[in-house]
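Just so you know, the sequences run in chain order A and B.
Residues in the first sequence are numbered consecutively from 1, following my numbering.
Residues in the second sequence are numbered consecutively from 355, following my numbering.
No residue lacks a Cβ here, since even glycine has one placed at the ideal position from N, Cα and C.
These numbers were taken from a predicted model, which means no experiment stands behind them.
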Amino acid sequence: MKKMSKITKNNLITYAIVVFAYAVCEILMRAGQMSSLMKGLLVPLCVYVILAVSLNLTVGILGELSLGHAGFMCVGAFTSAVFSKCMASVITVPTLRFFLAVLIGVVCAGVCGILIGIPVLRLRGDYLAIVTLAFGEIIKNVVNVIYLGKDSNGFHFSMKDSMSLGMEPDGMIIIKGAQGITGTPTDSNFTLGAVLVLLTLIVVLNLVHSRTGRAIMAIRDNRIAAESIGIDITKYKIMAFSISAALAGAAGVLYAHNLSTLTALPKNFGYNMSITILVFVVLGGIGSIRGSMIAAVVLTLLPELLRALNEYRMLIYAVVLIVTMIFTWSPKAIELRERYSPEKLFRKKEKEVQ
Amino acid sequence: MAILEVKNLGISFGGLRAVDNFNLAIEQGQLYGLIGPNGAGKTTVFNMLTGVYKPTDGKIFLDGTEITGKSTIEINKAGIARTFQNIRLFGELTVLDNVKAGLHNQKEYEYSALTGILRMPRYYKAEKAMDDRAMELLKVFDLDKEFDYKASNLPYGKQRKLEIARALATNPKLLLLDEPAAGMNPNETQELMDTIRFVRDEFKMTILLIEHDMRLVGGICEKLTVLNFGQVLACGETSAVLNDPNVITAYLGE
Chain A
1 MKKMSKITKN
11 NLITYAIVVF
21 AYAVCEILMR
31 AGQMSSLMKG
41 LLVPLCVYVI
51 LAVSLNLTVG
61 ILGELSLGHA
71 GFMCVGAFTS
81 AVFSKCMASV
91 ITVPTLRFFL
101 AVLIGVVCAG
111 VCGILIGIPV
121 LRLRGDYLAI
131 VTLAFGEIIK
141 NVVNVIYLGK
151 DSNGFHFSMK
161 DSMSLGMEPD
171 GMIIIKGAQG
181 ITGTPTDSNF
191 TLGAVLVLLT
201 LIVVLNLVHS
211 RTGRAIMAIR
221 DNRIAAESIG
231 IDITKYKIMA
241 FSISAALAGA
251 AGVLYAHNLS
261 TLTALPKNFG
271 YNMSITILVF
281 VVLGGIGSIR
291 GSMIAAVVLT
301 LLPELLRALN
311 EYRMLIYAVV
321 LIVTMIFTWS
331 PKAIELRERY
341 SPEKLFRKKE
351 KEVQ
Chain B
355 MAILEVKNLG
365 ISFGGLRAVD
375 NFNLAIEQGQ
385 LYGLIGPNGA
395 GKTTVFNMLT
405 GVYKPTDGKI
415 FLDGTEITGK
425 STIEINKAGI
435 ARTFQNIRLF
445 GELTVLDNVK
455 AGLHNQKEYE
465 YSALTGILRM
475 PRYYKAEKAM
485 DDRAMELLKV
495 FDLDKEFDYK
505 ASNLPYGKQR
515 KLEIARALAT
525 NPKLLLLDEP
535 AAGMNPNETQ
545 ELMDTIRFVR
555 DEFKMTILLI
565 EHDMRLVGGI
575 CEKLTVLNFG
585 QVLACGETSA
595 VLNDPNVITA
605 YLGE
């Protein structure tokens with residue numbers, strides 16, 4: 001059918017953008033044309049793209065607000081970092097270790113999503129926003145007081161300090177409270193990041209354009225009608241939310257394995273981070289997967305590229321935010337965009353030929 | 355045997371007795387009308403039949419099995435589908451997807467979320483079958499040309515039809531229509547009457563409808579029940595009920 005091919009085409013364009021961007025960066029890097037600042041930004045860019053796409057599943061497709069997406073990222077980051085640090089000497093192939101770590105991070109973050117979703121998603125209204133906001137803050141603070149060590153007797157756990165772990169001399173401290181995890185093997189690189197971005201996109205886009213996605217969007221558009229045609233509201237809400245949380249966990253894994261020291265600071269896993277991700281989603285267009293991907297890249301690169309302008313940097317950033325908002329949401333701009341869309345112009349020509 | 359049988363149904367909201375001692379029996383293939391003044395409790399009856407409200411007393415049987423107090427989802431699976439007085443479509447989805455959402459629970463089109471994500475062969479097969487079935491339904495309502503429109507962009511009359519198509523997609527035994535002709539002009543109402551009759555004949559559907567348009571009610575309903583202040587005022591063959599002096603004073607006017 002014609003319509004099906006249109007959706008497939010759109011998805012393929014999204015994948016192609018990622019592959020193309022990856023190829024360009026890779027070539028620039030090989031040719032030595034990329035500054036070390038930009039090289040350092042590549043993996044964080046992938047992290048932000050995954051976060052933006054996964055949050056869009058909650059905000060745009062499910063129609064619920066989550067203000068604690070960084071919390072799920074934190075869960076994914078810490079569980080996978082613990083895994084990698086323990087397995088550093090057992091599994092010696094970095095890529096294999098990384099993918100196992102991704103699996104662990106995804107599962108742990110997904111389980112957290114289910115645990116939060118079961119009580120909260122039964123309610124109507126903005127409860128999810130409140131609970132996820134609390135979850136993000138709690139996780140960040142809990143991680144800061146955890147001490148975990150491993151010696152010949154197995155694991156030791158404490159919430160006081162590293163002395164109270166009571167370890168044998170051969171022991172290794174894995175999580176050291178507010179100092180976090182040091183010495184995580186830096187297994188991730190830009191290629192793995194791009195692969196994860198692609199996988200995230202495939203999961204989200206395939207989910208949205210399936211029976212499940214239709215049910216989720218039906219609930220978003222009209223809950224009562226969805227119930228009247230026999231769609232299980234709670235089940236699909238929890239499913240969408242936990243998949244979104246799991247993908248945020250994957251972003252956390254990528255983040256954790258890019259740095260050798262992992263600490264839970266307000267900067268990386270706090271409220272501000274959750275809001276930054278939400279800004280990507282809103283500016284990229286709620287419900288538009290490709291849009292949130294592009295917004296994440298542009299809004300991360302912009303402040304860095306404008307570094308030369310010093311104090312005018314934030315001014316330009318703000319102007320860009322406002323312009324994008326108008327371009328994506330103002331009815332006049334939408335009308336203008338539709339009138340001059342390449343597809344429409346093409347169709348017009350076809351008609352003239354006839 | 356009656357496909358829908360309602361016995362002594364009643365519901366109270368605090369001190370207000372909204373519906374009291376309501377009885378109804380609809381035969382397979384019948385076109386049944388539920389009429390009455392505003393606030394008589396017609397939509398409340400619909401909401402009890404579809405599980406939105408739990409009745410305080412009485413029993414509801416669908417095709418011989420009791421469905422009283424079950425959830426909306428279970429009742430839809432058991433075979434009752436409805437439309438709403440104020441249209442409730444999935445506005446951001448396409449016309450086709452609205453109907454496909456209605457096909458959600460049918461075994462032959464079912465597949466898991468994982469099958470969808472991994473795009474297994476089952477996904478393509480089920481989606482193709484769904485597309486065909488949905489287009490078939492859209493054709494009945496003359497909506498097949500607008501299949502890729504956003505549902506909220508359809509004109510009012512077509513939105514009403516799409517809602518009926520979506521309800522039919524759930525493959526019900528009984529279809530409940532809540533004021534299908536509300537806000538339609540005489541031409542559209544005439545067209546709607548033909549469609550409802552066609553649906554009954556084509557799908558062998560049993561239909562219960564609420565309506566204020568007496569031309570439509572008199573034109574297509576075979577039997578009527580009149581509600582007034584939550585109680586049954588009259589019930590029987592359409593022509594007899596419409597000439598009942600009680601009904602004329604309470605509802606139709608001299």
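{"Check": "Going by CA-CA distance only, name the one from B:526, B:528, B:535 and B:530 that's closest to residue 512 of chain B.", "Outcome": "B:535"}
{"Check": "Could you check what DSSP says for residue 399 of chain B in three-state terms: helix, strand or coil?", "Outcome": "helix"}
{"Check": "Which chain B residues sit within Cβ distance under 7 Å of residue 215 of chain A?", "Outcome": "455 and 458"}
{"Check": "So, does the CB of residue 126 of chain A fall closer than 7 Å to a CB anywhere in chain B?", "Outcome": "no"}
{"Check": "Where does residue 582 of chain B sit, in a helix, a strand or coil, going by DSSP?", "Outcome": "strand"}
{"Check": "Which bits of chain A does residue 465 of chain B rub up against, with CB to CB less than 7 Å?", "Outcome": "211"}
{"Check": "Please report the distance separating the alpha-carbon of residue 296 of chain A from that of residue 156 of chain A.", "Outcome": "40 Å"}
{"Check": "Among B:485, B:388, B:509 and B:449, which one has its Cα closest to the Cα of residue 378 of chain B?", "Outcome": "B:388"}
{"Check": "Helix, strand or coil for residue 464 of chain B? Go by DSSP, reduced to three states.", "Outcome": "coil"}
{"Check": "Note down, in chain order, each residue of its chain lying with its Cβ closer than 7 Å to the Cβ of residue 124 of chain A, except the 5 sequence neighbours on either side.", "Outcome": "none"}
{"Check": "I'd like to know if residue 54 of chain A contacts chain B, where contact means its C-beta is closer than 7 Å to some C-beta of that chain.", "Outcome": "no"}
{"Check": "Hey, could you find the ends of the alpha helix (DSSP H) residue 272 of chain A is sitting in?", "Outcome": "271-284"}
{"Check": "Considering only C-alpha positions, which residue in the set A:331, A:222, A:299 and A:237 is nearest to residue 319 of chain A?", "Outcome": "A:299"}
{"Check": "Name, please, each residue of chain E whose Cβ falls closer than 9 Å to the Cβ of residue 477 of chain B.", "Outcome": "Among the chains of the structure shown, chain E does not appear; the protein chains present are A and B."}
{"Check": "Would you list the residues sitting across from residue 373 of chain B in a DSSP beta bridge?", "Outcome": "B:365"}
{"Check": "So what's residue 69 of chain A in DSSP terms, helix, strand or just coil?", "Outcome": "helix"}
{"Check": "Which bits of chain A does residue 431 of chain B rub up against, with CB to CB less than 7 Å?", "Outcome": "230"}
{"Check": "Within a Cβ cutoff of 6 Å, which residues of the same chain sit near residue 76 of chain A, ignoring the five residues on either side of it in sequence?", "Outcome": "105, 109, 249, 252 and 253"}
{"Check": "Measuring straight from C-alpha to C-alpha, what distance separates residue 588 of chain B and residue 472 of chain B?", "Outcome": "58 Å"}
{"Check": "Could you give the residue range of the alpha helix (DSSP H) that holds residue 190 of chain A?", "Outcome": "190-208"}
{"Check": "My output table needs one value for residue 563 of chain B: the three-state DSSP class, helix, strand or coil.", "Outcome": "strand"}
{"Check": "Measure from the C-beta of residue 222 of chain A to each C-beta in chain B and report whether the shortest distance is under 7 Å.", "Outcome": "yes"}
{"Check": "Nearest chain A C-beta to residue 400 of chain B closer than 7 Å, yes or no?", "Outcome": "no"}
{"Check": "With residue 550 of chain B as the anchor, note down where its alpha helix (DSSP H) starts and where it stops.", "Outcome": "540-557"}
{"Check": "Specify the secondary structure class of residue 593 of chain B as computed by DSSP and reduced to three states.", "Outcome": "helix"}
{"Check": "Quick check on the burial criterion: 16 or more other C-beta atoms within 10 angstroms. Buried or exposed for residue 35 of chain A?", "Outcome": "exposed"}
{"Check": "Closer than 7 Å, CB to CB, is residue 318 of chain A near chain B or not?", "Outcome": "no"}
{"Check": "Among the candidates B:546, B:489, B:521 and B:361, whose CA atom is the shortest distance from the CA of residue 427 of chain B?", "Outcome": "B:521"}
{"Check": "Can you give the Cα-Cα distance for residue 236 of chain A and residue 127 of chain A, rounded to whole angstroms?", "Outcome": "17 Å"}
{"Check": "Hey, could you find the ends of the alpha helix (DSSP H) residue 218 of chain A is sitting in?", "Outcome": "211-221"}
{"Check": "Give the straight-line distance between the Cα atoms of residue 2 of chain A and residue 212 of chain A, rounded to the nearest whole angstrom.", "Outcome": "In this prediction, residue 2 of chain A scores a pLDDT of 49, lower than 50, which makes its location untrustworthy; the coordinate-derived value is nonetheless stated afterwards. When rounded, the distance between both Cα atoms is 21 Å."}
{"Check": "Name the residues in the region 404-427 of chain B whose C-beta lies less than 7 Å from a C-beta of chain A; which are they?", "Outcome": "404, 426 and 427"}
{"Check": "Looking at the C-beta of residue 203 of chain A, does it have a partner C-beta in chain B at a distance below 7 Å?", "Outcome": "yes"}
{"Check": "Along chain A, which residues have their Cβ under 7 Å away from the Cβ of residue 446 of chain B?", "Outcome": "217 and 221"}
{"Check": "How do the region 177-189 of chain A and the region 299-312 of chain A stand: do at least 3 beta-carbon pairs fall below 8 Å, yes or no?", "Outcome": "no"}
{"Check": "Give the residues from the region 231-252 of chain A that approach chain B closer than 7 Å (Cβ to any Cβ), ordered along the chain.", "Outcome": "231, 232 and 239"}
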